[in-house]
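What follows is a short report on a single structure.
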Amino acid sequence: MNKAQVIVPVSLAFLGLAAMSVFHVNEHERAILFRLGEIVTSDIKPGLHFKTPIINNVSTFDARVLTLDAKSERFLTSEKKNVIVDSFVKWRIGDVGLFYTTVGGDEFQANLRLDQIMKDAMRSEFGVRTIKQLISEDRSELRDTLLEKLAPTAQKFGIELIDIRIKRIDLPPEVSSSVFQRMRAERERVAREFRSQGAESAELISAEADKQKQVIVANAQRESENVRGRGDAESAEIYAKSFGKNPEFYAFYRSLQAYQASFENTQDTLVLKPNSDFFKYFSSEK
Numbered sequence: 022m023n024k025a026q027v028i029v030p031v032s033l034a035f036l037g038l039a040a041m042s043v044f045h046v047n048e049h050e051r052a053i054l055f056r057l058g059e060i061v062t063s064d065i066k067p068g069l070h071f072k073t074p075i076i077n078n079v080s081t082f083d084a085r086v087l088t089l090d091a092k093s094e095r096f097l098t099s100e101k102k103n104v105i106v107d108s109f110v111k112w113r114i115g116d117v118g119l120f121y122t123t124v125g126g127d128e129f130q131a132n133l134r135l136d137q138i139m140k141d142a143m144r145s146e147f148g149v150r151t152i153k154q155l156i157s158e159d160r161s162e163l164r165d166t167l168l169e170k171l172a173p174t175a176q177k178f179g180i181e182l183i184d185i186r187i188k189r190i191d192l193p194p195e196v197s198s199s200v201f202q203r204m205r206a207e208r209e210r211v212a213r214e215f216r217s218q219g220a221e222s223a224e225l226i227s228a229e230a231d232k233q234k235q236v237i238v239a240n241a242q243r244e245s246e247n248v249r250g251r252g253d254a255e256s257a258e259i260y261a262k263s264f265g266k267n268p269e270f271y272a273f274y275r276s277l278q279a280y281q282a283s284f285e286n287t288q289d290t291l292v293l294k295p296n297s298d299f300f301k302y303f304s305s306e307k
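Structure (structure tokens):
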């Protein structure tokens with residue numbers, strides 16, 4: 022047997038042994054290293070790692086975010102009414118060793134556990150809320166409460182909860198009609214209250230406007246009387262001054278005004294004495 026016949030098998034055996042001593046963990050994976058079935062190292066990160074052939078073996082697990090899309094489930098509200106809820110959970114493996122020892126590293130078993138603890142938490146939370154609260158309130162509050170309740174239990178299985186979402190909350194057909202009728206009646210009652218308040222406000226505004234109108238008109242009339250009074254006083258003063266300066270002309274002017282007023286209507290008949298003072302300016306002597 023020559024050297025080549027010895028070296029080649031030895032080299033192949035060495036290469037095979039070296040290949041069996043190395044394992045690779047992908048970017049989206051985590052791994053556990055076992056020695057004769059017992060966990061030696063857990064949560065091995067991505068990269069190239071070494072092991073002892075035959076004695077050690079490796080199991081890898083998906084470290085990406087996974088989704089549990091729960092089936093529609095009925096829950097009772099505080100009013101003892103059923104609601105139908107669709108939800109889902111986003112999760113990933115947080116502790117690989119614990120995940121392996123509690124659920125055997127099986128995603129299906131992990132989803133079964135998550136589904137059960139989620140139903141228990143939702144049953145508890147829905148039981149203290151009314152239908153109106155569940156439909157109308159911000160669901161982020163319910164989400165935060167569920168996450169807070171579920172996270173510690175999920176951690177016992179090596180699971181990290183990322184998110185919980187309520188996709189849909191429906192009412193069973195037998196409940197929908199009565200609930201919406203009550204909601205409609207409530208909305209109509211609120212609308213009537215708003216209309217009543219609006220009518221009352223309109224009456225108050227109208228009454229205030231009428232009051233202000235009366236005050237403005239009264240002030241205007243008072244000012245008008247004051248102006249007229251001042252005008253009459255000034256007119257009388259002017260007449261008096263004129264009378265004082267030329268009494269004869271003033272008497273003649275007033276007589277002309279009297280003639281104009283008396284003869285304005287041609288159908289009127291005046292019966293006066295010929296020597297009446299009313300016609301004194303018609304005398305040839307004047």
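Here our numbering is used: the first residue of the sequence shown is 22, the next is one more, and so on. Cβ coordinates follow ideal geometry from the N, Cα and C atoms, glycine included. The structure displayed is predicted, hence computed values, not measured ones.
Contact test: residue i Cβ vs the ligand ZN heavy atom, cutoff 7 Å
{"i": "K140", "result": "You won't find the ligand ZN in this model; it holds no ligand whatsoever."}
Three-state secondary structure (DSSP) of residue i
{"i": "F178", "result": "coil"}
{"i": "L192", "result": "coil"}
{"i": "T151", "result": "coil"}
{"i": "D159", "result": "coil"}
{"i": "L57", "result": "coil"}
{"i": "E50", "result": "strand"}
CB-CB length for residue i against residue j, believed under 8 Å
{"i": "I180", "j": "I114", "result": "7 Å"}
{"i": "F82", "j": "S42", "result": "22 Å between Cβ atoms; not a contact."}
{"i": "L182", "j": "W112", "result": "5 Å"}
{"i": "R160", "j": "I187", "result": "5 Å"}
{"i": "F120", "j": "F44", "result": "Actually they are not in contact, since the Cβ atoms of F120 and F44 sit about 19 Å apart, beyond 8 Å."}
{"i": "L135", "j": "V110", "result": "6 Å"}
{"i": "V117", "j": "R51", "result": "5 Å"}
{"i": "I152", "j": "K102", "result": "6 Å"}
{"i": "K12", "j": "V86", "result": "The structure shown does not extend to residue 12, since the chain is modelled only from 22 through 307, so no value can be given for it."}
{"i": "S93", "j": "G126", "result": "Contact flag wrong, Cβ pair sits at about 29 Å."}
Buried/exposed call for residue i, threshold 16 Cβ in 10 Å
{"i": "A131", "result": "buried"}
{"i": "T309", "result": "With the chain covering 22 to 307 only, the question about residue 309 has no answer from this structure."}
{"i": "I185", "result": "buried"}
{"i": "T98", "result": "buried"}
{"i": "F148", "result": "The sequence given here places Gly at residue 148; Phe does not occur at that position. Burial call: exposed."}
{"i": "R216", "result": "exposed"}
{"i": "F96", "result": "buried"}
{"i": "A84", "result": "buried"}
{"i": "L171", "result": "buried"}
{"i": "G58", "result": "exposed"}
{"i": "L167", "result": "buried"}
{"i": "K307", "result": "With a pLDDT of only 46 at K307, under the threshold of 50, the placement of this residue in the model should not be trusted; the figure read from the coordinates follows. The residue in question, K307, is exposed, as its Cβ has fewer than 16 Cβ neighbours within 10 Å."}
{"i": "E48", "result": "exposed"}
Through-space distance from residue j to residue i, alpha-carbon basis
{"i": "V236", "j": "E258", "result": "33 Å"}
{"i": "N78", "j": "L54", "result": "6 Å"}
{"i": "S222", "j": "R213", "result": "14 Å"}
{"i": "R205", "j": "D107", "result": "25 Å"}
{"i": "A91", "j": "K140", "result": "9 Å"}
{"i": "D231", "j": "P193", "result": "56 Å"}
{"i": "V104", "j": "E146", "result": "13 Å"}
{"i": "D64", "j": "Q137", "result": "26 Å"}
{"i": "D253", "j": "E246", "result": "10 Å"}
{"i": "R251", "j": "G219", "result": "47 Å"}
{"i": "R164", "j": "A175", "result": "15 Å"}
{"i": "S305", "j": "A241", "result": "Low local confidence applies: a pLDDT of 49 at S305 is under 50, so the model's placement there is unreliable, with the coordinate-based value given in what follows. Straight-line Cα distance between these residues: approximately 52 Å."}
{"i": "E158", "j": "I190", "result": "12 Å"}
{"i": "V211", "j": "F129", "result": "51 Å"}
{"i": "I156", "j": "R150", "result": "10 Å"}
{"i": "K234", "j": "E209", "result": "37 Å"}
{"i": "E229", "j": "V248", "result": "28 Å"}
{"i": "S227", "j": "E169", "result": "57 Å"}
{"i": "Q154", "j": "R203", "result": "14 Å"}
{"i": "L225", "j": "A239", "result": "21 Å"}
{"i": "R243", "j": "E207", "result": "54 Å"}
{"i": "I60", "j": "P173", "result": "24 Å"}
{"i": "V73", "j": "R56", "result": "Here residue 73 is Thr; the residue named in the question, Val, does not match the sequence. Using only the alpha carbons, I get a separation of about 9 Å."}
{"i": "A142", "j": "T62", "result": "34 Å"}
Residue-level contact to chain B via CB, residue i, 8 Å cutoff
{"i": "P74", "result": "Considering every chain present, this structure includes no chain B. It has just one protein chain."}
Problem set entry | Every unbroken beta strand (DSSP E) within the stretch 64 to 131, with a cutoff of 3 residues, ordered by chain | 68 to 71, 77 to 83, 87 to 90, 94 to 97 and 103 to 114
Problem set entry | Every unbroken alpha helix (DSSP H) within the stretch 213 to 244, with a cutoff of 4 residues, ordered by chain | none
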